[in-house]
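Trainee: Residue numbers (numbering that gives the first Met the number 0), protein chains in the order written: chain A, 0 to 290; chain B, 0 to 514; chain C, 0 to 369.
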Amino acid sequence: MWDFHVRSLDASTILTIAALSELIGQRAGILNVGIEGVMLFGATLGFIAAKITGSYLLGFLVAIAIGGLIGLLHGFFSITLGGDQVVNGMGIWILGFGLTAYIGYPYTGPLGMERIPKIMGLSPFFFVGIALIIITWFVLSKTSLGLRIRSVGENPSVAEVSGINVTRTRYLSVITSGMLMGFAGAIYSLDYNPVWNYNFIMGWGFIALALVFFSMWNPFILLGGSILFGSLWQLSLNPQLVLPGILSRYVWRMVPFAMTIIVLLLMSTKWFRIRWGAAKPEALGQPYVKG
Amino acid sequence: MPMEGIKRGDTALEARGITKRYPGVVANDHIDFEIKAGEVHAILGENGAGKTTLMNILFGLVQPDEGEIYVYSEKVNFRSPLDAIDLGIGMVHQNRKLIPAHSVIENIILGHPRAGNILNLKRTGEEITELCDKYGYKIDLKAKVWQLSEGEKQVVEILKALYRGAKILILDEPTSALAPPETKKLLASIKAMTRDELAIIPFITHKLPIVLTVSERVTVLRRGKITARLATAGATEESLAKEMVGREVIFRLERVEVEKGKPILQVENLSALNDKRFLALKGVSFSVHEGEIFGIAGVSGNGQQVLAEVLAGLRKAEGGKVLLDGINITHSSSLERWQMGVGYIPSERVEVGSIGDFSLVENVAMNYYFDDDFAKHGIMDHKKLRKLTQEFISEYDVAAPSPNTTAKSLSGGNLQKLILARVISRKPRLLIANLPTQGLDVGATEFVQNKLIQAKKEKAGILLISEDLDEILSLSDWVAPIYEGELMGIFPGGEAKRENIGAMMAGLKQKVEVI
Amino acid sequence: MKLGNYEVKLEKRLELTAWEAATISILAIFVALALVSFIFLQAGVNPLTGYKEIFTYAFANPFGLPLTINRSIFLLLCTCAFIIPIRAGLWNIGMAGQLYVGALAAFAVAFAFGAKESHSLDLSPGIVIPLMMVAAALGGAAIGAIAGFLKGRFNTNEIVVTMMLNFITFWLVPFMIKEGGLFMGASGEGEGFKLSSSIYAPLIMGVPFTIFIALGLAVLLYFLFAKTKIGYQIKAYGLSPAAAKYAGISSFKIPLLVFIMGGAIAGLAGYHYFAAVPGVYKITKNYGDFGDLAFYGIICGLISQGNPLAAIPFALLFGGLTNGGRFVQGKLKLGFGIDYALLGVLMIILVAFQFFYRYKIVWMKTEKEK
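#1: Return the bridge partner residues of residue 68 of chain B from the DSSP annotation.
#2: Pick from C/257, C/294, C/136 and C/244: whose alpha carbon is nearest that of residue 224 of chain C?
#3: Does chain B have any CB closer than 8 angstroms to the CB of residue 163 of chain A?
#4: At which residue ranges does the segment 211-293 of chain B contain complete alpha helix (DSSP H) runs of 4 or more residues, listed in the order of the chain?
#5: Which bits of chain A does residue 336 of chain C rub up against, with CB to CB less than 7 angstroms?
#6: Who are the neighbours of residue 80 of chain B on chain A, taking C-beta pairs under 8 angstroms?
#7: If we define contact as Cβ-Cβ less than 8 angstroms, is residue 13 of chain C a contact residue for chain B?
#8: Please list, in chain order, the chain B residues whose beta carbon lies closer than 8 angstroms to that of residue 273 of chain A.
#9: Residue 9 of chain B lies in the alpha helix (DSSP H); which residues open and close that run?
#10: Is residue 308 of chain B helix, strand or coil when you go by DSSP?
#11: When DSSP labels each residue in this structure, what does residue 50 of chain C get in the three-state scheme?
#12: Within 8 angstroms, do at least three Cβ pairs link the segment 281-299 of chain B to the segment 266-281 of chain A?
#13: Give the DSSP-derived three-state secondary structure of residue 0 of chain A in the structure shown.
#14: Residue range of the beta strand (DSSP E) that residue 33 of chain B falls in?
#15: Excluding the 5 residues flanking residue 383 of chain C on each side, which residues of the same chain have their C-beta closer than 8 angstroms to its C-beta?
#16: Comparing C-alpha positions only, which one of A/131, A/84 and A/120 sits nearest to residue 13 of chain A?
#17: Counting only runs that start and end within the segment 163-211 of chain A, where is the alpha helix (DSSP H) found for 4 or more residues in a row?
#18: Can you name the residues of chain A whose CB is closer than 7 angstroms to the CB of residue 339 of chain C?
#19: Evaluate contact between the segment 236-243 of chain B and the segment 75-84 of chain B, counting only Cβ atoms and requiring at least three cross-stretch pairs below 8 angstroms.
#20: Just to make sure I have the definition right: I need the residues of chain C whose C-beta is within less than 7 angstroms of the C-beta of residue 263 of chain A. Which are they?
#21: Report all residues from its chain with a CB closer than 7 angstroms to the CB of residue 371 of chain B; omit the five preceding and five following residues, and keep chain order.
#22: Should residue 62 of chain B be labelled buried (16 or more other beta-carbon atoms within 10 Å of its own) or exposed?
#23: Could you tell me which chain C residues have their CB closer than 8 angstroms to the CB of residue 215 of chain A, listed as they occur along the chain?
#24: Comparing the C-beta of residue 304 of chain C with each C-beta of chain A, is any distance below 8 angstroms?
#25: According to a CB-to-CB cut-off of less than 7 angstroms, which residues of the segment 159-173 of chain B neighbour chain A?
#26: Which runs of the beta strand (DSSP E) fall wholly inside the segment 122-202 of chain C and span at least 3 residues, in chain order?
#27: On the three-state DSSP scale, how would you describe residue 334 of chain B?
#28: Would you mind sorting residue 129 of chain A into buried or exposed? The rule is 16 or more other CB atoms within 10 Å of its CB.
#29: Would residue 252 of chain A pass as an interface residue toward chain C - the criterion being a Cβ-Cβ separation below 8 angstroms?
#30: Applying the 10 Å Cβ sphere with the 16-neighbour rule, what's the burial state of residue 194 of chain C?
#31: Give the single residue among A/186, A/162 and A/230 whose Cα lies nearest to the Cα of residue 49 of chain A.
#32: With DSSP as the reference, label residue 462 of chain B as helix, strand or coil.
#33: Got a sec, what are the start and stop residues for the beta strand (DSSP E) residue 87 of chain C sits in?
#34: Answer with yes or no whether the minimum CB distance from residue 1 of chain B to chain C is below 8 angstroms.
#35: Note down the Cα distance separating residue 275 of chain A from residue 269 of chain B, rounded to an integer number of angstroms.
#36: Under DSSP, the beta strand (DSSP E) around residue 320 of chain B begins and ends at which residues?
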């Protein structure tokens with residue numbers, strides 16, 4: 000049972016970091032619906048790099064670098080070219096889905112390296128995740144940089160006339176966001192479940208996206224939501240631990256996805272809508288054209 | 000405050016030969032302008048006279064094609080507003096450049112070079128309070144900006160500019176969204192600022208009395224050129240208007256008396272929520288009869304938008320009743336209302352009243368697609384729609400190359416004419432016109448107002464919502480000031496006193512029961 | 000930017016003609032194919048040879064051509080399923096889920112007629128086949144309706160919902176066809192039962208009759224958007240929900256309607272591949288591949304700018320490319336999954352080229368200094 004909780008927290012960590020990365024971008028007004036694709040890139044290239052070099056460190060660095068690059072690409076499409084962010088995000092997701100299926104195929108199977116050591120039975124990344132939550136909260140709400148990021152997400156033209164470089168701030172956010180997405184993907188493929196298989200992120204990116212909406216852009220609610228979903232995911236893999244013998248295992252696999260829809264539904268209640276409307280970055284998803 | 004070394008009468012800002020060309024139009028044609036420290040120098044002009052371009056050039060948002068700008072006798076070259084801000088130029092925008100979700104203090108320090116990496120809100124708060132005391136402002140620094148009134152938002156903008164060390168303040172239509180008492184306060188604070196040697200440049204379109212009260216000098220623009228530079232001491236409203244428009248302007252429209260008919264719209268105790276889910280309309284009752292214009296006067300954000308949307312069926316009523324020709328339509332959909340003879344001219348003509356990527360024909364179809372004459376058995380009759388559009392274009396004098404051009408290529412005035420044509424041609428029983436002349440030039444305004452009068456003659460009941468007290472008073476048979484979601488009273492149009500209505504728009508007078 | 004005597008400038012387009020749109024789309028495809036040729040180069044194959052092999056197999060080979068056509072029918076249906084919601088500004092990325100359920104529903108009809116019991120059972124196709132198709136369309140529509148209802152009633156993000164439904168239905172299929180599931184085939188190899196030969200879809204010159212359904216739907220949809228009141232309402236809602244509401248267009252009915260229509264068509268795609276393609280006639284083990292292939296519908300829909308007639312040649316092209324890609328990766332010993340790589344690269348290049356839908360490059364001869 001203890002083991003189950005530990006695995007749940009490991010899964011939660013990945014969701015936390017993935018959702019946090021999306022939150023950072025969204026706070027600056029950049030919606031990236033392609034988070035799943037960036038995670039696939041990070042997971043696959045990190046996996047390959049680690050497998051070839053035998054170094055976890057290199058694996059993670061490669062994942063973070065590719066995540067940053069994809070973030071830059073999303074930034075280029077969304078900020079510089081000013082395209083529709085949903086279209087761009089879809090492009091990034093399908094690029095990640097298609098290209099990693101091809102690139103990773105020869106590496107199908109387990110990583111075959113000694114597992115990353117645990118700290119008090121937990122994955123070290125759990126602590127990294129907690130630290131990232133606190134850092135993100137502090138930066139966003141207490142620092143000048145955070146005020147700038149929130150401002151370009153709320154109203155870029157106001158930020159611009161206040162002397163803020165909207166383009167630079169948005170690029171900074173979207174690249175940071177991409178790096179964290181790549182990192183989250185690599186935690187999946189190098190620590191949580193080090194076996195490569197095509198499309199193995201299995202919708203976590205989309206769940207993370209829903210979690211960000213659910214969190215009302217608050218990192219601590221986000222953490223709570225991620226832990227809930229991490230546990231749910233683990234339960235759906237091992238229902239026998241809690242409810243032995245009830246329902247087919249295939250039905251259990253549907254549960255986290257169905258739960259995601261239910262959570263999105265909760266958000267349509269009046270209680271939520273008032274708060275949601277107030278918290279939503281006003282310029283989310285809108286391209287900004289200077290002048 | 001970086002005020003050291005500035006003496007009263009120093010030339011604060013000088014523009015020489017500013018020229019800016021856009022495809023097909025010279026927005027600014029060799030504009031010379033000068034203002035001294037401690038002076039108020041207004042710039043007056045109609046929409047399209049080139050005011051916005053000049054303002055944007057002075058604030059560094061737009062770069063001029065020709066000409067030079069001097070700030071305290073030093074030649075400057077603005078690449079962005081940041082350069083202008085650094086040289087002590089502050090701007091108070093008409094459409095407030097504030098972030099509603101942030102607090103007052105966050106808005107003020109946003110982008111401030113001394114904000115530091117980690118925000119020190121305590122120290123900043125003390126400094127801002129000091130500024131407030133100096134110029135007589137009262138404001139809660141921790142409040143979110145969306146909770147503030149228009150007047151308070153303007154104060155935040157002024158504070159923001161002053162906190163950044165502005166010595167020259169540009170005010171864009173400073174009184175346009177203010178209720179009369181708020182205007183008074185603003186004028187007092189402008190006086191206080193000029194005592195501290197600030198140079199203040201208000202850009203004003205309509206409010207000629209304000210120009211005369213507040214400024215020492217006026218520069219009048221027309222079609223990108225300066226037509227007059229005068230001292231306000233010897234000027235009158237009429238003389239200013241003449242310079243601005245280039246011809247004598249008739250200030251009062253002829254009121255047309257139409258025999259009063261049956262009641263068309265009866266509203267009883269109607270209330271509704273706004274987007275933020277607060278009660279924005281609180282138990283409003285009134286009725287509109289055939290051949291009558293019922294004017295609702297109010298500063299925007301006092302529930303008139305919500306009222307218009309509830310009547311048009313775009314927003315749910317929380318309580319109360321709406322009757323059209325005696326039939327209860329409180330819960331009817333907007334489509335049902337269109338079909339029953341409600342016509343709505345929305346204030347957001349680009350976002351709601353039209354679809355930019357649709358052709359003019361398809362835009363006309365927005366109010367016609369549901370008629371069997373134009374869509375038999377679910378198939379649209381494009382030929383008929385096209386013919387109708389062509390009629391609108393010629394009848395309403397819409398400047399458009401063809402019915403197939405997209406709506407986004409039309410100017411605001413032409414778009415409004417098209418919307419007006421589309422709605423009025425349905426011969427609605429009830430016509431709801433929400434800010435129908437906002438942002439239009441004098442010619443288009445006159446045109447729209449005449450069309451409303453014509454609809455009145457044709458026995459429509461008209462609900463006119465406007466911020467422009469002059470428009471309301473000259474057009475309406477009944478005037479109802481609205482404040483915080485309540486009608487402050489209903490007065491016969493001919494007898495309503497301007498000052499009384501103005502005070503009620505600001506919530507200064509008690510609610511009176513008239514009818 | 001200046002190049003010699005010419006000045007190159009970007010200019011915002013006010014209007015995009017069909018001709019310009021087609022040119023941009025075709026250019027995008029060429030760029031994507033050029034990028035994918037790195038895969039050939041990496042394997043030491045001349046890209047031209049590679050593409051020649053792909054196209055020859057896909058369009059001029061007696062074994063390849065029917066496969067291409069079957070894929071193209073499937074893709075065209077998936078594209079139509081994507082196009083209807085996208086014209087209303089809504090993203091249906093749930094074609095996979097809708098087609099799984101469509102296929103399950105079609106097989107449920109066969110199951111009800113006892114087709115699972117005996118492969119040689121003689122059923123009357125005139126009744127069973129139409130019923131299967133109706134069931135497939137209803138099944139897909141039901142799944143689509145969930146996303147449409149939630150969008151219309153609660154404004155729930157349709158991208159996340161359709162994606163979640165994809166995963167839910169992805170696990171619903173094995174629940175039905177594996178480990179003792181109701182539709183498990185006799186062999187017990189994790190496949191669904193095989194249809195009785197009497198209810199195989201009729202072939203016309205070797206091609207399932209579903210080709211006429213796909214083409215007919217494309218024409219019908221073109222007509223729907225060009226001429227009808229419903230089409231007008233969908234387009235208005237897609238361009239500006241606020242303006243559509245003002246015009247009395249229901250912001251509940253339109254999302255619901257487009258997702259029901261899209262879902263129904265995706266359901267037919269499910270019927271087509273699992274119950275009408277020669278040699279299949281069952282829900283296969285690799286059913287997930289067809290869900291992935293459905294994503295080409297997104298590309299096809301975007302590249303044809305939501306025009307269902309323009310989608311026909313693109314569906315044929317992508318059907319051929321994916322089919323030929325599968326073939327050459329075996330023949331030329333390339334890495335597995337060229338069709339996946341092409342999917343990703345095509346999509347991102349298409350997104351990049353969206354820019355040219357909004358801007359055009361203008362060359363101007365600069366005047367010589369006097």
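Ideal Cβ placement from N, Cα and C applies to all residues, glycine included.
For clarity, every value in this text was computed on a predicted model and none was experimentally measured.
Mentor: In short, the structure shows the following:
#1: Under DSSP, residue 68 of chain B takes part in a beta bridge, and its partners are B/14 and B/75.
#2: Nearest C-alpha to residue 224 of chain C: C/257.
#3: Yes, contact with chain B.
#4: With a minimum length of 4 residues, the continuous alpha helix (DSSP H) runs that stay inside the segment 211-293 of chain B are 236-244.
#5: Within chain A, the residues whose beta carbon sits less than 7 angstroms from that of residue 336 of chain C are 100, 101 and 104, listed in sequence order.
#6: Residues of chain A passing the Cβ test: 159, 160 and 162.
#7: Output row for residue 13 of chain C: interface = yes.
#8: Within chain B, the residues near residue 273 of chain A are 275 and 276.
#9: Going by DSSP, residue 9 of chain B is part of no alpha helix (DSSP H) at all; its letter is neither H nor E.
#10: Three-state result, residue 308 of chain B: helix.
#11: Under the three-state reduction of DSSP output, residue 50 of chain C falls in the helix class.
#12: Flag = no, the segment 266-281 of chain A and the segment 281-299 of chain B do not touch.
#13: For residue 0 of chain A, the secondary structure class from DSSP, reduced to helix, strand or coil, is coil.
#14: In the DSSP annotation of this structure, the continuous segment of the beta strand (DSSP E) that includes residue 33 of chain B starts and ends at 24-35.
#15: Look at the range of chain C in this structure, 0 to 369, and you will see that residue 383 of chain C is not part of it.
#16: Measuring from the Cα of residue 13 of chain A, the nearest candidate turns out to be A/131.
#17: Given a length threshold of 4 residues, each whole run of the alpha helix (DSSP H) inside the segment 163-211 of chain A is given here in chain order: 165-186.
#18: Under a criterion of Cβ atoms nearer than 7 angstroms, the residues of chain A adjacent to residue 339 of chain C are, in order, 97, 100 and 101.
#19: Cβ pair count under 8 angstroms is below three, so no.
#20: Within chain C, the residues near residue 263 of chain A are 155, 156, 159 and 160.
#21: The answer is none, since no qualifying residue turns up.
#22: By the 10 Å Cβ count, residue 62 of chain B comes out exposed.
#23: Neighbours of residue 215 of chain A on chain C: none; closest Cβ ~14 angstroms, over 8 angstroms.
#24: Cβ-Cβ to chain A under 8 angstroms: no for residue 304 of chain C.
#25: Result list empty, no residue passes.
#26: With a minimum length of 3 residues, no continuous beta strand (DSSP E) run stays inside the segment 122-202 of chain C.
#27: Helix at residue 334 of chain B.
#28: Residue 129 of chain A is exposed by the Cβ-count criterion.
#29: At least one C-beta of chain C is nearer than 8 angstroms to the C-beta of residue 252 of chain A.
#30: Burial state of residue 194 of chain C is buried, judged by a 10 Å Cβ sphere holding 16 or more other Cβ atoms.
#31: Of A/186, A/162 and A/230, the residue nearest in Cα terms is A/186.
#32: Residue 462 of chain B sits in a strand when the DSSP states are folded into three classes.
#33: For residue 87 of chain C, there is no enclosing beta strand (DSSP E), as DSSP gives it neither H nor E.
#34: Any reading at residue 1 of chain B needs caution, since the residue's pLDDT is 43, under 50, leaving its predicted position unreliable; the model's value is listed next. Not one chain C Cβ lies under 8 angstroms of residue 1 of chain B.
#35: The alpha-carbon atoms of residue 275 of chain A and residue 269 of chain B are separated by roughly 27 angstroms.
#36: Residue range 318-323 is occupied by the beta strand (DSSP E) that includes residue 320 of chain B.
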